[in-house]
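Before any comments, here is the structure.
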Amino acid sequence: MIVGLHHAQITIPLGTEEAGKEFYCKVLGLNEISKPSALQGRGGFWLQVGNQEVHVGTEEGFNRLTTKAHLAYEVEDISYWKKVLMEHDIEILDSVPIPHYERFEFRDPFGNRVEMIQPI
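Sequential numbering of the sequence shown, starting at 20, is according to this note's numbering.
In structure tokens:
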């Protein structure tokens, strides 16, 4: 029996961990958590998002702009996040409307597709 989702992983280019932390920890305000010592030499970093974890790994030779794969962060004030991202020169992309939610998409500085979603 599957009992839940422990974590999801995204990737950024090798050597961009500090820029990744700058965006995900400082701009988005997510908290970095410690990786187990056995995994610390592999690059990347881990984030706590509510009760879930997002693992940010490193990967070369992958064009992140070509995939629909994404994480969707549920937020309480979607207009706040639009403003914050625009202040950091992140292009806001419209999403196909779905019932009972307001949402938008953007690409992180590494090309990963990201969604912000708020129940209405």
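Backbone N, C-alpha and C define an ideal beta-carbon position, used for all residues, glycine too.
Pick helix, strand or coil for V68, following the three-state DSSP scheme. strand
Mind checking which residues open and close the alpha helix (DSSP H) that includes I111? No alpha helix (DSSP H) holds I111; DSSP gives it neither H nor E.
Going by C-alpha distance, which of E121, R83, L84 is nearest K101? E121
Any chain C beta carbon closer than 7 Å to G48: Among the chains of the structure shown, chain C does not appear; only one protein chain is present.
Determine whether the beta carbon atoms of G63 and T77 lie at a separation below 7 Å. yes
Please look up how many angstroms separate the CB atoms of R83 and F129, rounded, as I've assumed it's under 8 Å. 6 Å
7 Å Cβ shell around I29 - same chain, five flanking residues per side excluded: V73, V75, L90, N131
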